[in-house]
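Residue numbering for the sequence shown follows our numbering, starting at 0 and increasing by one per position.
Virtual Cβ for every residue (Gly too), placed ideally from N, Cα, C.
Here is the structure we will look at, set down as structure tokens.
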Amino acid sequence: MNQLIEIFQRIRLLDQPTQILNEYIDFFIKSSNISLACIYEENEVKFVFKSDSYPEEKLASLTQDLGLYLSDKLISKYITDKLKCANNLEDYYYCSFVPFKFGQKLLLVVFIFEDLDLLKDFAHQTAIILNEQLYLMINNLNLKELSYTDGLTRLRNNMFFRNKLDEAFIQNKPVHLALFDVDYFKKINDVYGHPGGDAVLVFLGEIVPKTINQLKPEVTDITIARVGGEEFAILIVDSTLDFMKIFAEELRKKVETSKVRFNDLDINLTISIGIASSGQISNSSAEKPKTLYKLADDALYIAKRTGRNRISLSHDSN
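In structure tokens form, the structure reads like this:
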């Protein structure tokens, strides 16, 4: 019981379904003398988790044989059976199969033991009960994820961004914000229709994360969000203003030299970017998130007013 309480305490701190599943597998491997565990989905062994004591040389052959074995079985609820490893005929592996609801998928979690007594001691019912509780937790996470995701671009939405901006100032670390939007976006909608405009927004939702990844930043606290019709925000915490400027210029150039393909036509576009930094805001400011946003928005307005397709730093940025 204490172990179950412990795993739930750890899992409640996680915010990704895959992290929850990994924690679940890790819990049973460490607490039940399991040699190997794997996830079986759609006629394929997808993920394999092994204990520290499991020999590496056995892993590939057993995984392959396990996939063939499972694809030949009709498994409902859970069963206990023997699996004979084809390359090691003297070795028998005892398996417990436990269904795991993962979002809309039904996965099979396979726990493998090298000793029948260990299998007999395995708490099947505990695994089933835990599965049901984790299924509810994952569903709740998925609903939360949907509420924070922009339906068109699949980036974070304005609600998530605003929450993240508030949290960033609590950490007492440098915060840098870039706001950008599409130049002459109304004209794009007029010429290509709203589906053409949507194609441009989807393109931007793809190119911004790609540009970040290509720069390979050491900083990991980056939020990319669509905060309005054609307006996007990039929030970077605990980095430098220089990195934000480098990223913004790289993004501006990539957009300028790219073409969005729509209905056999090429849409050319550019963006204007405004940048502001938390270093500009006095410690006495009562509304730092709103102040930072206004500074970046004012900088974006200046970029628009002075010719578009350019970057403007808030006048106090240093």
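Per DSSP, reduced to three states, the secondary structure at H314 is coil, with no helix or strand assignment. The C-alpha of K49 is placed about 12 Å away from the C-alpha of F26.
Residue pairing for H175: DSSP places it in a beta bridge opposite I235 and S276.
By the neighbour-count criterion, in which 16 or more other beta carbons inside 10 Å mark a residue as buried, L145 falls on the exposed side. When C-beta atoms of the segment 281-296 are compared with those of the segment 263-271, fewer than three pairs fall below 8 Å, so the two segments do not count as touching.
Within its own chain, the residues whose Cβ lies closer than 8 Å to the Cβ of A36, once the five positions on either side in sequence are excluded, are I24, F27, I28, V47, F48, K49, V108, V109, F110 and I111, listed in chain order. No Cβ-Cβ contact shorter than 8 Å links Y191 with F242. Close CB contacts of L115 within its chain, under the 7 Å cut and outside five residues either way in sequence, are with Y93 (chain order). The secondary-structure analysis by DSSP pairs I270 across a beta bridge with V181.
Of all alpha-carbon atoms in R309, L291 and N162, the one lying nearest the alpha-carbon of A224 is that of N162. Across the structure, L291 and I280 are spaced so that their CA atoms are roughly 7 Å apart. As the crow flies, the alpha-carbon of D182 is around 39 Å from that of T17.
Taking the Cα positions, Y147 is about 26 Å away from R251. DSSP links R260 through a beta bridge to D265.
H314 is classed as exposed because its beta carbon has fewer than 16 other beta carbons within 10 Å across all chains shown. The DSSP-derived three-state label of T148 is strand.
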